[in-house]
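Before any comments, here is the structure.
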Amino acid sequence: MHTVADFLDEAGRKAVAAAIARAEAATDAEIRVHLEDHIEEDVLDHAVFIFEELGMQHTRWRNAVLIYIAVSDRAMAVVGDSGVNALVPTGYWDSVIDHMRERFRAGAHAEGICEAVAMVGERLAAHFPSTPGDTNELSNEVSIGSGAHRNTATR
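When the letters of the sequence shown are read in order and numbered with the numbering used here, they come out as residues 1097 to 1251.
Right under this line is the structure:
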């Protein structure tokens, strides 16, 4: 299993988008899932780069969360914006990743991501409950990167 296409088919991507919509119905926060085949750098550094590339730092309350997976590397990261990270207990993102790893080992890729989205959504709803007039600021569709990446951007 070395490519995104092998890892998560169209039905799986639709299931993840639906899981994001369900999770976001209970919160003003935003959740994205991004998949890539392979990376050539530290997974957390690259996930932060993708977070910024997707414009996730521009949400109204700085409360977006990215679930990032590099499929062939079996590398994952969960990145929360500043409004979220201040409220999430130490190790929480690791527990989400551990849950996905366990489900992936069983071959349940879409289910593992959907369950991770639900876990993140529950945590976000506790701190950023849905309010009247909330709008969906970011796409619920799974975003897919291309091939190997090396972050050459300066910070």
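All C-beta atoms, glycine included, are put in the ideal place defined by N, C-alpha and C.
Values in this document were obtained by computation on a predicted structure and should not be read as measured data.
Assigned with DSSP and collapsed to three states, Glu1148 falls in helix.
The DSSP assignment places 1160-1166, 1171-1176 as complete runs of the beta strand (DSSP E) inside the segment 1151-1199, in order along the chain (cut-off: 3 residues).
Between the alpha carbons of Phe1224 and Ala1125 lies a gap of roughly 6 Å.
The three-state reading of DSSP puts Val1238 in coil, since its state is none of H, G, I, E or B. Each of Asp1138, Asp1133, Ile1165, Ala1122 was checked against the Cα of Thr1227, and the nearest Cα belongs to Ala1122. The C-beta distance from Cys1210 to Ala1115 rounds to 4 Å, short enough to fall under 8 Å. Annotated as proximal: Ala1166 and Val1139, with beta-carbon spacing under 8 Å.
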